[in-house]
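Numbering (my numbering), first residue to last: 2 to 60.
The structure under discussion appears below in the form of structure tokens.
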Amino acid sequence: MKALKIIREIKKRKIPIVRIDKSLNKYDNIVLFPDKLEKANEMLRTVGLPKQWTKQHHR
Numbered sequence: 002m003k004a005l006k007i008i009r010e011i012k013k014r015k016i017p018i019v020r021i022d023k024s025l026n027k028y029d030n031i032v033l034f035p036d037k038l039e040k041a042n043e044m045l046r047t048v049g050l051p052k053q054w055t056k057q058h059h060r
């Protein structure tokens with residue numbers, strides 16, 4: 002029963018329960034996988050976003 006109480010408390014929180022490591026900030030402006038990024042951008046140019054995403058963002 003104690004685990005259930007903890008789960009309820011976690012769900013009520015409005016702040017994230019994970020801590021992001023500040024040392025990862027050094028990767029902010031670095032493209033780690035340029036080939037995958039180019040492939041993803043090409044797919045977005047040719048195919049676009051799925052309809053479920055485009056409808057939600059235009060409301």
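A virtual CB, placed ideally from N, CA and C, is assigned to each residue, including glycine.
Computed from a predicted structure; not experimentally measured.
- Taken through DSSP and simplified to helix, strand or coil, D29 comes out as coil.
- The distance from the Cβ of L38 to that of V32 is about 6 Å, consistent with a contact at the 8 Å cut-off.
- In this chain, the alpha helix (DSSP H) harbouring D36 covers P35 to T47.
- Taken through DSSP and simplified to helix, strand or coil, I8 comes out as helix.
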